[in-house]
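Chemist: Under my numbering, think of the first position of the sequence shown as 69, with each following residue one higher. Shown below is the structure under consideration.
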Amino acid sequence: MATDVISLITADHRDVESLFERLQKMPENRPALLAELAAKFIAHARAEEDKVYSALAKARPEDRQEVHHGEEEHHEAEEILSALLQADPDGPEFDTLLQEMVEAVSHHVQEEETEILPDLAKALPPEKLAELGRVFSRRKAEELQTPPKPLVRTKEQLLEKAEELDIPGRAQMTKDELLKAIKAKKQQQ
């Protein structure tokens, strides 16, 4: 079994895709599957941001924007995950939120596997990728020992992001409206 960081990250991606499929096909198991998804997704995201993205940004400063974009995508998916955890697993809102989560994560995975991970493979020699795999695994294990706490951005943080994206009318928007406007603006870009 490969233990380099790229192999570990792509294996996590396939695991999450499998969880999405089971969440869609096995509604009777949603509470347990959702708990598993939350734990694994958040542990993966935290370990990736703390260890992998920082290593890439150091090795290739020209990729800092790409790294920042990956972190933003994690945060967006965590916000959807937070709403999903609060939704009734048998209600129609759950299916809508699950589809949003699948789309957000699929988009992120596609970008990561075609941009970030190939850049990482170019930036670091095989022995460094193996060491980063060990560091990534340890960080993920630390996260899995504590209950997941999805990122929930404050209204002030969302207003800052809306200002950065130059979203009109942001000052009068509710938190939910800001989230939707930010998501829509990012999809246009």
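Using N, Cα and C, we set each Cβ at its ideal position, and we do this for glycine too. If you're wondering where the values come from, they're calculated on a predicted model, not measured in any experiment.
Leaving aside the five residues before and after residue 104 along the sequence, list all residues of the same chain whose C-beta is less than 8 Å from its C-beta, in chain order.
Modeler: Same-chain partners within the cutoff: 87.
Chemist: I'd like the span of the alpha helix (DSSP H) that includes residue 240, first residue to last.
Modeler: Per DSSP, residue 240 belongs to no alpha helix (DSSP H) and is neither H nor E.
Chemist: Quick one: is residue 237 buried, meaning 16 or more other Cβ sit within 10 Å of its Cβ, or exposed?
Modeler: exposed
Chemist: Taking the alpha-carbon positions, what's the residue 70 to residue 231 distance?
Modeler: 43 Å
Chemist: What whole-angstrom Cβ distance do residue 127 and residue 191 have, given they're in contact under 8 Å?
Modeler: 4 Å
Chemist: Is the beta carbon of residue 76 sitting closer than 8 Å to the one on residue 159?
Modeler: Residue 76 places its beta carbon 8 Å or farther from that of residue 159.
Chemist: Span of the alpha helix (DSSP H) holding residue 94?
Modeler: Looking at the DSSP string, residue 94 is not in any alpha helix (DSSP H), and its letter there is neither H nor E.
Chemist: I need the boundaries of the alpha helix (DSSP H) containing residue 195, first residue and last residue.
Modeler: 194-212
Chemist: State the Cα-Cα distance for the pair residue 241 and residue 223, rounded to the nearest angstrom.
Modeler: 9 Å
Chemist: What did DSSP end up calling residue 235 once you bin it into helix, strand or coil?
Modeler: coil
Chemist: Quick check: the Cα distance between residue 132 and residue 118, rounded to an integer number of angstroms?
Modeler: 14 Å
Chemist: Please look up how many angstroms separate the CB atoms of residue 169 and residue 197, rounded, as I've assumed it's under 8 Å.
Modeler: With a Cβ gap of about 29 Å, residue 169 and residue 197 do not count as contacting.
Chemist: Where do the ends of the alpha helix (DSSP H) carrying residue 191 lie?
Modeler: 185-191
Chemist: Confirm, please, whether the CB-CB distance from residue 204 to residue 84 is below 8 Å.
Modeler: no
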